[in-house]
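Residue numbers (the working numbering), protein chains in the order written: chain L, 95 to 546; chain G, 95 to 546.
Note that beta-carbon positions come from the ideal geometry of N, C-alpha and C, so glycine has one too.
Have a look at the structure below, then the notes.
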């Protein structure tokens, strides 16, 4: 019902000029043609690229950004950060959760993220009892995404234990806990509510090996498969060296190796972080076709370590990016520092090159589109018939893009400058950002400030 | 002649409320009082912090940002990047140099940099012969800074050789080359032209040990001292491991060790990068009182390596930040990734804490203000009588700063979000950025785009 016409657009591995994109009333692309007739189409000035899926988000953590950048007594680590986070979690009600998520998703839209996979582990009241609707907080978060206009793949989190070997959960974890039945009830309810909504997909996320058990994992996966055999499954894995040591003490195997040996890991899986792998794990993970969910800004903020990027790319592994704790909300900062971390460690330049392209920025952007689309398990990540109309228009007047085109333009988008050239953003066929502004940004920001 | 009044301002290591800042007609602060009377003053909404000095810039490289992010045949490194840069340099005339520098300095102002130290090595015509005015390109760059309204410490670069042991310079370096007399002539001319201008300071920059020789260094320093015994001296040092190896082969000593042993390094010196130091060099450098000029985004982009930050802070070393190649122009990205690089390498959080403050963002900002001010050798970097009125007003409505105050506000400024909360910027007593816009930004960007 809408036709767009732009001078240049990224189609697959290349670029086309004079591109006309036909979009139907449901928000999907029905046709896309190069060297097309512009008459009757809405003209868009600037290069058009697919919007980026954000494959890992804990929405409520947006409101913590900047609060934990101080040293505590006795050193500081991921684990002391987690205590700050638990203290924060205790105080959030449904309205706060929704206000924070709406602010976050508006920021995502403005940064060029058009879809998110929300790894949602805040389910219950502060004392651990269920809300009247057990899916209350999930519904709040999904509605926040719908208000912001971005697509959401909602992943209720299965969390039951406080450590490997089914250790009891701690006080600060009460709001997260479910057994398999209660958990599957939430998944089922959400699937029912959003059955006919294009831009919402329901999957699941076992939190981690330490927060589940082999039996619980197997039960939950079997329960999900009875509902939807292609629903995405995400899991945190091998983020911290301590977690690797504990997994080895528990099972004799490292986390990624254990998971690949005991669970049906395949293309519908996203292994979030996968920071600490030995060479065999890198190759074996790549072979499964699962996505590595990389979160460079959060992994740096938390001192996790660097992903084995060169070996994983050499093994043709799939990857995408997530803003995770939302210390930053920018696909550019994620991609740039994914590459820069490698450059610093290896003391060379342009590490993330593949045979596909010598352009590192363009290649990283394409890799993250493909892996991100796979992880959100929705038809996004490229401009083609049958895909959702999720796209970003880059500002042709932005000085950092002056004189750049094609893959060199994408290199400049990723690596040059620190002000965003994202000008307009469309998701599901609707303009959600025009001239850098989101239609609801003032109202959403007001509600957010009141919450904080 | 102007009085400002703000609700809160960063004064030294703390914060004050109800602050009135009196500024004279020359652009210097004459008085500053807390809990003051606002009547008759210009009211400023938002927290006021000192503007950041940018201690290392090669202005013309701004126009290359994003062009070298592709792999060449046979691998890629700092040294292949340098070949791209030399090819770019061949084509620049005075007008292009000025247009690029003006764009860069406007971007600096908008990002919250209120002063720059320009390490200027592009002196001559493409064939190496002097312009009619031998300081032509320096004058162009300084005028660009004055148009943007930021203070500039201009450092003509002494460059004569192509490698350690006085190797002949290469073809691509002809525009940089000077002997001591020609070099000192440029310094003298610039000192004369800008003798009475508050916001311009002239120093000098021997490019590096590999591009100079001990005799040339001694002659240039002696020549400078005859003109100005407190003028700043900046030098690139120990950026790349290869350079360290070549220095050892040439002299038997590592670059920083050689410099400290043979030159009068003290508080007026800035050692740019100083990436590769052994423990004794770290401690000895800190003892001299010189500034370490750190450029985290460029050092990451070029795969240089990580500075020895924890040991240097433990030795009470002085440091500041520079945007160097301008792949990014943001004090936030420099400070954030200075800390994050350490977190990734050490797998812990909040590395850059000192006894002064547990707030890592606030502490890094203060350290970089002090070291940056020392490196630009002008009265900037704090809000106090006698200092230039160089300041930044943070947007009180920015969601990332909501609910934050004092040092927690600075932590959020440095670590949270990816959109700049810099709202207004004053340099030398003049508002150069209001509501995120620079008065000349459109005209400057037009000229820049025509150039590129």
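Note to self: Suppose you measure from the CA of residue 561 of chain L to the CA of residue 281 of chain G; what does that come to, to the nearest Å?
What the structure shows: Here chain L has residues from 95 to 546 only, and residue 561 of chain L is not among them.
Next item on the list: Kindly confirm or deny that the stretch 210-223 of chain L and the stretch 267-279 of chain L touch, where touching means at least three C-beta pairs closer than 8 angstroms.
Entry: Taking a cut-off of 8 angstroms on C-beta distances, the stretch 210-223 of chain L touches the stretch 267-279 of chain L, as three or more cross pairs fall below it.
Checklist line | Inter-residue Cα distance where the pair is residue 438 of chain L and residue 456 of chain L | finding: Taking the first chain and counting its residues from 1, one reaches residue 438 of chain L at position 344. Taking the first chain and counting its residues from 1, one reaches residue 456 of chain L at position 362. Near 20 angstroms, if we compare the C-alpha coordinates of residue 456 of chain L and residue 438 of chain L.
Notebook entry, point to check: Any C-beta of chain L sitting closer than 8 angstroms to the C-beta of residue 255 of chain G?
Noted result: For the purposes of this step, residue 255 of chain G is identified with residue 161 of the second chain, where counting begins at 1. Not one beta carbon of chain L lies nearer than 8 angstroms to the beta carbon of residue 255 of chain G.
Next item on the list: Taking C-beta pairs closer than 7 angstroms, name the residues in chain G that residue 434 of chain L reaches, listed in chain order.
Entry: The count along the first chain starts at 1 and reaches residue 434 of chain L at position 340. Close to residue 434 of chain L, with beta-carbon spacing below 7 angstroms, are these residues of chain G in chain order: 394 and 395.
Margin query: With a threshold of 8 angstroms between beta-carbons, can residue 438 of chain L be considered close to chain G, or not?
Written below: Here residue 438 of chain L refers to the residue found at position 344 of the first chain. Chain G contact via Cβ: present.
Note to self: I want to see whether chain L comes within less than 8 angstroms of residue 182 of chain G, judged by CB atoms only; does it?
What the structure shows: Your numbering for residue 182 of chain G matches position 88 in the second chain. Chain L, which has no Cβ nearer than 8 angstroms to the Cβ of residue 182 of chain G, makes this no.
Check: Taking 8 angstroms as the CB-CB cut-off, is residue 140 of chain G touching chain L?
Finding: Taking the first residue of the second chain as 1, we reach residue 140 of chain G at position 46. Not one chain L Cβ lies under 8 angstroms of residue 140 of chain G.
Check: Would the stretch 359-366 of chain L and the stretch 384-403 of chain L be scored as touching if the rule is three or more Cβ pairs under 8 angstroms?
Finding: Counting C-beta pairs with one atom in each stretch, the stretch 359-366 of chain L and the stretch 384-403 of chain L have three or more that are closer than 8 angstroms, which means they touch.
Next item on the list: Please report how far the alpha carbon of residue 297 of chain G lies from the alpha carbon of residue 325 of chain G, in whole angstroms.
Entry: Here residue 297 of chain G refers to the residue found at position 203 when the second chain is read from its first residue. Here residue 325 of chain G refers to the residue found at position 231 when the second chain is read from its first residue. Their Cα atoms are separated by approximately 5 angstroms.
Margin query: Between residue 319 of chain L and residue 350 of chain L, how many whole angstroms is the CB-CB distance? I'm expecting something under 8 angstroms.
Written below: Position 225 of the first chain holds residue 319 of chain L. Position 256 of the first chain holds residue 350 of chain L. That pair is no contact at about 22 angstroms.
Check: Using a C-beta to C-beta distance shorter than 8 angstroms, which residues of chain L count as neighbours of residue 542 of chain G?
Finding: What you label residue 542 of chain G is simply residue 448 of the second chain in a count that begins at 1. When 8 angstroms is used as the limit between beta carbons, residue 542 of chain G is near these residues of chain L: 493 and 496, in chain order.
Note to self: Per DSSP, what are the beta-bridge partners of residue 137 of chain G in this structure?
What the structure shows: Against the second chain, residue 137 of chain G aligns to sequence position 43. Residue pairing for residue 137 of chain G: DSSP places it in a beta bridge opposite G:99.
Checklist line | Residue range of the beta strand (DSSP E) that includes residue 213 of chain L | finding: Here residue 213 of chain L corresponds to residue number 119 of the first chain, with the count starting at 1. It spans 207-214 - the beta strand (DSSP E) in which residue 213 of chain L sits, taken as one unbroken run.
Check: When you compare only the Cα positions, how much space is there between residue 211 of chain L and residue 421 of chain L?
Finding: Walking along the first chain from the start, residue 211 of chain L turns up at place 117. Walking along the first chain from the start, residue 421 of chain L turns up at place 327. Cα to Cα, the separation comes out at about 17 angstroms.
Margin query: By DSSP's criteria, residue 521 of chain L is part of a beta bridge. Which residues make up the other side?
Written below: Stepping through the first chain from its first residue, residue 521 of chain L is reached at position 427. Its beta-bridge partners are L:524.
Note to self: In the DSSP assignment, the beta strand (DSSP E) including residue 447 of chain L goes from what residue to what residue?
What the structure shows: In the first chain, counting from the first residue as 1, residue 447 of chain L sits at position 353. Going by DSSP, residue 447 of chain L is part of no beta strand (DSSP E) at all; its letter is neither H nor E.
Check: Among all the DSSP beta bridges, which residues are the ones paired with residue 120 of chain L?
Finding: The count along the first chain starts at 1 and reaches residue 120 of chain L at position 26. None; residue 120 of chain L has no bridge partner.
Next item on the list: Would you tell me roughly how many angstroms separate the C-alpha atoms of residue 61 of chain L and residue 209 of chain L, rounded to the nearest one?
Entry: Examination of residue 61 of chain L is not possible in this model, given that chain L is present from 95 through 546 alone.
Checklist line | Reference residue 256 of chain L, options L:302, L:492 and L:289, closest by Cα | finding: Locating residue 256 of chain L in the first chain gives position 162, where the first residue counts as 1. Shortest Cα-Cα distance from residue 256 of chain L to any of L:302, L:492 and L:289 involves L:302.
Checklist line | Contacts that residue 502 of chain G makes with chain L (C-beta to C-beta distance below 9 angstroms) | finding: Reading the second chain from its first residue, position 408 is the one you call residue 502 of chain G. What residue 502 of chain G touches in chain L: 160, 161, 163 and 164.
Checklist line | Inter-residue Cα distance where the pair is residue 106 of chain L and residue 477 of chain L | finding: Your numbering for residue 106 of chain L matches position 12 in the first chain. Your numbering for residue 477 of chain L matches position 383 in the first chain. A straight-line Cα-Cα distance of about 7 angstroms links residue 106 of chain L and residue 477 of chain L.
Notebook entry, point to check: If you measure beta-carbon to beta-carbon, which residues of the stretch 512-525 of chain L are closer than 9 angstroms to chain G?
Noted result: Taking a C-beta cut-off of 9 angstroms against chain G, the contacting residues of the stretch 512-525 of chain L are 512, 513 and 514, listed in chain order.
Note to self: If I follow the unbroken beta strand (DSSP E) through residue 412 of chain G, where does it start and stop?
What the structure shows: Translated into positions along the second chain, residue 412 of chain G becomes position 318. Per DSSP, the unbroken beta strand (DSSP E) holding residue 412 of chain G starts and ends at 412-415.
Check: To which residues does DSSP link residue 418 of chain G through a beta bridge?
Finding: Within the second chain, residue 418 of chain G is the residue found at index 324, counting from 1. Per DSSP, G:151.
Notebook entry, point to check: Between residue 214 of chain L and residue 249 of chain L, what straight-line distance do the alpha-carbon atoms span, to the nearest angstrom?
Noted result: Within the first chain, numbered from 1, the residue matching residue 214 of chain L stands at position 120. Within the first chain, numbered from 1, the residue matching residue 249 of chain L stands at position 155. The C-alpha of residue 249 of chain L is placed about 6 angstroms away from the C-alpha of residue 214 of chain L.
Notebook entry, point to check: Hey, which unbroken runs of the beta strand (DSSP E) at 3 residues or more fall wholly within the stretch 346-377 of chain G?
Noted result: Fully enclosed beta strand (DSSP E) runs of 3 or longer: 363-367.
Checklist line | Cβ neighbour criterion (16 or more within 10 Å) applied to residue 120 of chain L | finding: Taking the first residue of the first chain as position 1, residue 120 of chain L is located at position 26. The Cβ neighbour count for residue 120 of chain L, taken over all protein chains shown within 10 Å, is under 16; the residue is labelled exposed.
Item checked: Test: residue 421 of chain L CB closer than 8 angstroms to a CB of chain G -> Against the first chain, residue 421 of chain L aligns to sequence position 327. Judged by the 8 angstroms Cβ criterion, residue 421 of chain L is in contact with chain G.
Check: Does the distance from the C-beta atom of residue 474 of chain L to that of residue 517 of chain L stay below 8 angstroms?
Finding: Your numbering for residue 474 of chain L matches position 380 in the first chain. Your numbering for residue 517 of chain L matches position 423 in the first chain. No, the Cβ-Cβ distance between residue 474 of chain L and residue 517 of chain L is not below 8 angstroms.
Checklist line | N- and C-terminal bounds of the beta strand (DSSP E) containing residue 233 of chain L | finding: As a first step, residue 233 of chain L must be located in the first chain, where it is residue number 139. It is not in any beta strand (DSSP E) - residue 233 of chain L instead sits in the alpha helix (DSSP H) that spans 230-242.
Item checked: Per-residue contacts from residue 427 of chain G into chain L (C-beta, under 7 angstroms) -> Translated into positions along the second chain, residue 427 of chain G becomes position 333. Against residue 427 of chain G, the close residues of chain L are 512, in the order they occur along the chain (beta-carbon pairs closer than 7 angstroms).
Notebook entry, point to check: What are the residues that DSSP puts in a beta bridge with residue 146 of chain L?
Noted result: Stepping through the first chain from its first residue, residue 146 of chain L is reached at position 52. Within the DSSP bridge table, the entry for residue 146 of chain L names L:207 as partners.
Notebook entry, point to check: Hey, residue 512 of chain G and residue 372 of chain L: beta-carbon distance below 8 angstroms or not?
Noted result: By 1-based counting over the second chain, the position of residue 512 of chain G is 418. By 1-based counting over the first chain, the position of residue 372 of chain L is 278. Residue 372 of chain L is positioned such that its CB atom lies no closer than 8 angstroms to that of residue 512 of chain G.
Margin query: For the stretch 176-196 of chain L against the stretch 517-530 of chain G, do three or more pairs of beta-carbon atoms, one drawn from each stretch, fall closer than 8 angstroms, so that the two count as touching?
Written below: By the criterion of at least three beta-carbon pairs nearer than 8 angstroms, the stretch 176-196 of chain L is not in contact with the stretch 517-530 of chain G.
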